[in-house]
Amino acid sequence: MNGIIDRCRLFDRWAGSYDNEVRSDAGFPFAGYDHVLEEIVRLTDVESGMRVLDLGTGTGNLAARFAALGCEVLGIDFSPKMLAAAQRKVPDARFVYSGLTNRLDFLHGKRFNLIVSAYVFHEFDLSTKISILTRLSRDRLTKRGRMVIGDIAFPTVKGREEAHRRWAAQWDEEEHYWAADEAIVACEEAGLHVRYVQVSSCGGVFSI
Ligand SMILES: C[S@@+](CC[C@H](N)C(=O)[O-])C[C@H]1O[C@@H](n2cnc3c(N)ncnc32)[C@H](O)[C@@H]1O
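Quick note on this note's numbering: the sequence shown kicks off at 174 and runs consecutively.
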């Protein structure tokens, strides 16, 4: 529990400087940040009017893109300061305080055409990632809905090991960066069909 509270406080402290940092950092871990967000949007085949759930919405940079395209956007996050920044940036979207591992009961039976997320799932180990995705796919997607998840990711476990050596000084040992080869196998075993595209030296997007 303390771990979650500490993590939440860390994101609260980061909220004011987050947008500048992700864009000024050309290296690990945010290289290609805007390209990753653009690729998420492209892979959704979004249409105006769609219902979009943005997981770990942060300051609302991904939510803003979908709202600008005429979608009904709901962003969730466990950092009140991130949520306040998102609401200022995207007044037309709805932002709600919630942890991603929660059951999201406040949604009642609501389902979404698109579930998206950027730079969040590395908070969870692989089995937690899969269980969140499986639950959301079963309980929160419409029949033809899809999930598109962008994050700090590498094509293979070997590529991730090389990246770990290359960026040892910046690597956060408590985070769980994706290796697409192992993630695809784990997703397929859980009944989720996945495609992966590498967008930058350390960023990629999964369509599920
Ligand atoms: C690196 S930021 C990414 C923000 C945004 N998606 C973007 O692409 O700029 C990670 C966000 O995920 C949120 N987050 C991390 N773990 C979470 C959890 N377990 N439940 C809810 N939100 C979480 C943080 O509060 C933070 O706003």
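Even for Gly, the Cβ is constructed at its ideal location relative to N, Cα and C.
Beta-carbon proximity list for residue i, same chain, < 8 Å, skipping 5 on both sides
i: ILE249; result: LEU226, ASP227, LEU228, GLY229, THR230, PHE268, VAL269, TYR270, SER271, LEU273, LEU277
i: ASP354; result: PRO328, THR329, VAL330
i: ILE177; result: PHE251, GLY272
Residues of its chain near residue i, where Cβ-Cβ distance is below 7 Å and the 5 sequence neighbours each way are ignored
i: SER252; result: CYS181, PHE184, ASP185, ALA188
i: VAL402; result: This structure cannot settle anything about residue 402, because the visible part of the chain is limited to 174 through 381.
i: TRP340; result: PHE201
i: ILE303; result: ALA359, CYS360, ALA363
i: GLU347; result: none
Whole-angstrom distance between residue j and residue i, CA atom to CA atom
i: VAL195; j: HIS208; result: 12 Å
i: ASN193; j: ALA204; result: 13 Å
i: TRP351; j: LEU280; result: 28 Å
i: GLY318; j: ASP312; result: 11 Å
i: PHE327; j: ARG215; result: 20 Å
i: ASN286; j: GLU296; result: 24 Å
i: GLY364; j: HIS337; result: 30 Å
i: VAL378; j: LEU306; result: 14 Å
i: TYR369; j: SER380; result: 6 Å
i: ASP298; j: HIS349; result: 6 Å
i: TYR206; j: GLY376; result: 8 Å
i: ASP179; j: GLY332; result: 30 Å
i: GLU334; j: ALA199; result: 20 Å
i: HIS345; j: ALA266; result: According to the sequence shown, residue 345 is Asp rather than His. ASP345 and ALA266: Cα-Cα distance of roughly 32 Å.
i: PRO264; j: ILE213; result: 22 Å
i: GLN343; j: SER197; result: 15 Å
i: ARG284; j: LYS316; result: 9 Å
Nearest neighbour of residue i, chosen from the options [CA to CA]
i: SER323; options: TYR191, GLN260, GLY176, THR217; result: Sequence inspection shows Gly at residue 323; the Ser mentioned does not correspond to that position. The candidate whose alpha carbon is nearest that of GLY323 is THR217.
i: GLN260; options: ALA236, GLY332, ASN275; result: ALA236
i: SER374; options: SER190, PHE201, ASN275; result: PHE201
i: LYS262; options: GLY176, LYS283, ALA240, GLU245; result: ALA240
i: SER290; options: ASN234, ARG284, ASP265; result: ASN234
i: LEU314; options: TYR206, GLU347, GLY282, VAL358; result: GLY282
i: VAL243; options: ALA258, LEU309, ALA257, SER221; result: A small fix is needed here, since residue 243 is Gly in this sequence, not Val. Nearest option by C-alpha distance: SER221.
i: VAL275; options: ALA266, GLU335, ALA257, LEU309; result: A small correction: the amino acid at residue 275 is Asn; Val does not occupy that position in the sequence shown. Nearest of ALA266, GLU335, ALA257, LEU309 to ASN275, Cα basis: LEU309.
i: THR301; options: GLY176, SER197, CYS360; result: CYS360
i: ILE325; options: PHE294, GLN343, ARG284; result: PHE294
Beta-carbon spacing of residue i, residue j below 7 Å
i: ILE288; j: MET320; result: yes
i: ARG224; j: GLU245; result: yes
i: ILE357; j: VAL367; result: yes
i: THR232; j: TYR292; result: no
Cut-off 6 Å between Cβ atoms - residues of its own chain near residue i, not counting five sequence neighbours on either side
i: ALA258; result: ALA188, THR232
i: LEU247; result: LEU226, ARG267
Cβ of residue i within 7 Å of any chain D Cβ
i: ALA241; result: Absent here is chain D; the protein component of the structure consists of one chain.
*Go through the residues and name those whose CB comes closer than 5 Å to any heavy atom of ligand 1, in chain order.*
PHE184, GLY229, GLY231, ASN234, ASP250, PHE251, SER252, MET255, GLY272, LEU273, ALA291, TYR292, VAL293, GLU296
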